[in-house]
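For reference, the structure is listed below as structure tokens.
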Amino acid sequence: MKKVAKRVGKMTVERRGDRELVLTREFDAPLALVFEAFTKAEHIVNWWGPRRYATIVERLDLRPGGKWRFINREANGTEHGFRGEFREVMPPERLVWTFEYEGFPGHISVETATFEERNGKTLLTARAVYSTPEDLLAILQTDMAEGAAESYDRLEELLQKLSKGKRGRK
């Protein structure tokens, strides 16, 4: 199967084969800051998930074998849980973890995020490999790409605030 790519906001979504999806996005911030925002609970709550949800980091054990669980809470109290386990943690360049949406238990993907600094900016490549072709097709039928693009927009906003804060303390 050939590669199929599309733009969603500032993010590129590329389907590779029948089980893989790759998201790429460049952030106007240095590598260390992007990795910090991606891996610290106090930052994750400010960008992970669409704006309409409050994000709760219930667990974040950032080490190989460590578990994580995030909750997106709607205004009406409905919760959407996500969980997994870290397989690789290589600061500040690479993370590998499993990902499971609790609303569809047993459908687990393996996600790899790589961070590459380029002239003071950071390229994030997030690769998800699904257990079956059907799992990938199911994801493609959701608004996952739009939600990821919105999350990454929120991450960019947070990075700008964090950058200004760091410059102000020098």
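Residue 168 in numbering that gives the first Met the number 0 sits at position 169 of the sequence shown; the count goes up by one each step and never skips. Beta carbons: idealized from backbone N, C-alpha and C, even for Gly.
Check your understanding: Can you name, in chain order, every residue of its own chain whose Cβ lies under 8 angstroms from the Cβ of Val7, other than the five neighbours on each side?
Key -> Ala144, Glu145, Ala147 and Ala148
Exercise for review: Have a look at the DSSP bridge pairing and note the partners of Asn71.
Suggested key: Thr54 and His79
Exercise for review: Grab me the residues of Arg68's own chain with a C-beta within less than 6 angstroms of its C-beta, minus the 5 sequence neighbours each way, in chain order.
Suggested key: Glu57, Arg58 and Arg82
Practice item. Assign Thr121 to one of two classes, buried (16 or more other C-beta atoms within 10 Å of its C-beta) or exposed (fewer than that). Key: Thr121 comes out buried.
Check your understanding: Expressed to the nearest angstrom, what Euclidean distance is found between the alpha-carbon atoms of Asp17 and Tyr129?
Key -> 9 angstroms
**Study point:** Residue range of the unbroken alpha helix (DSSP H) whose run includes Val44
**Key:** Run containing Val44: none; DSSP gives neither H nor E here.
Point to revise | Backbone secondary structure at Arg14 - three-state DSSP | key: In this structure, Arg14 counts as strand in the three-state DSSP scheme.
Point to revise | Terminal residues of the alpha helix (DSSP H) in which Leu136 lies | key: Pro132 to Leu139
**Study point:** Cβ neighbours of Lys66 in the same chain (closer than 6 angstroms, five flanking residues each side left out)
**Key:** Arg58, Asp60 and Glu84
Exercise for review: Taking the CB atoms as reference points, tell me whether Arg62 and Val88 lie closer together than 8 angstroms.
Suggested key: yes
Exercise for review: Check each candidate in Phe103, Arg93 and Tyr52 and name the one with the smallest Cα separation from Ile70.
Suggested key: For the residues Phe103, Arg93 and Tyr52, the minimum Cα distance to Ile70 belongs to Tyr52.
Practice item. Inspect the beta-carbon positions of Phe114 and Val33 and report whether they are closer than 8 angstroms. Key: Contact flag set, yes.
Review point. Nearest-angstrom Cα distance between Trp47 and Arg72?
Key: 12 angstroms
Review point. Is Glu115 helix, strand or coil by DSSP?
Key: strand
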